[in-house]
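Trainee: Numbering (my numbering), first residue to last: 284 to 481.
Glycine included, every Cβ here is placed at the ideal spot set by N, Cα and C.
Note that this is a predicted model, so its numbers are computed, not measured.
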């Protein structure tokens, strides 16, 4: 994992982050995993930041990335509160914020790629979902628009998409290739990773 501070206080509950681009099955896994583990399901940016997100997504790279860094701090604090009572399964986190800098030519964070800022907690387990291009296109044809404007751009720019994936890999995630797996099989693969790393 990165160099950010792990959650302390003797907690036995796990902070699990699920990452993945559009059509990998990320949102489905987050929901299934939270139900299976009786965990608190969170997302980054948090719901409380939704209105601000709409505004900052229209801003330039500097303002947009500053917002996402702040939203990670909010998400980290919410995770720490929840970890006192249960596992936490989070849909995206700092790893996405760092990975998506590939979309902004010349923009760099002051935190080295593969590390977490000192003000946020690093996850205990980081899982990255991937999908091959044929299956991605097939899934996208059945689900409509990508989740974000950035993912819409990535859908048309395979080179940028690969750069984003390479940035994710800098965090040494556990990888699940979902290309030929149904949602239940993806869940089982994730549970196996969690069992082996808890």
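Out of 444, 297 and 421, state which residue places its alpha-carbon closest to the alpha-carbon of residue 322.
Mentor: The residue with the shortest Cα to Cα distance from residue 322 is 297.
Trainee: Can you name, in chain order, every residue of its own chain whose Cβ lies under 7 Å from the Cβ of residue 406, other than the five neighbours on each side?
Mentor: Excluding residues within five positions, the ones whose Cβ falls inside 7 Å are 284, 298, 299, 300 and 376.
Trainee: Can you give the beta carbon distance from residue 352 to residue 339, rounded, assuming they're within the 8 Å contact cut?
Mentor: Between residue 339 and residue 352 the Cβ distance is about 11 Å, and since that is not below 8 Å, they are no contact.
Trainee: Going by C-alpha distance, which of 473, 457, 440 and 317 is nearest residue 365?
Mentor: The candidate whose alpha carbon is nearest that of residue 365 is 317.
Trainee: Based on the DSSP output, what are the partners of residue 228 in its beta bridges?
Mentor: With the chain covering only 284 through 481, there is no way to say anything about residue 228.
Trainee: Taking the alpha carbon of residue 277 as the reference point, which residue from 381, 379 and 358 has its own alpha carbon closest?
Mentor: Here the chain has residues from 284 to 481 only, and residue 277 is not among them.
Trainee: Enumerated in chain order, which unbroken segments of the alpha helix (DSSP H) with a length of 4 residues or greater are wholly contained in the stretch 377-460?
Mentor: Runs of the alpha helix (DSSP H) inside the stretch 377-460: 377-382, 416-426, 432-439 and 441-452.
Trainee: Would you give the residue range spanned by the alpha helix (DSSP H) that residue 318 belongs to?
Mentor: Counting along the chain, the alpha helix (DSSP H) containing residue 318 begins and ends at 309-320.
Trainee: So, using beta-carbon positions, are residue 408 and residue 477 closer together than 8 Å?
Mentor: Cβ distance < 8 Å, so residue 408 and residue 477 count as in contact.
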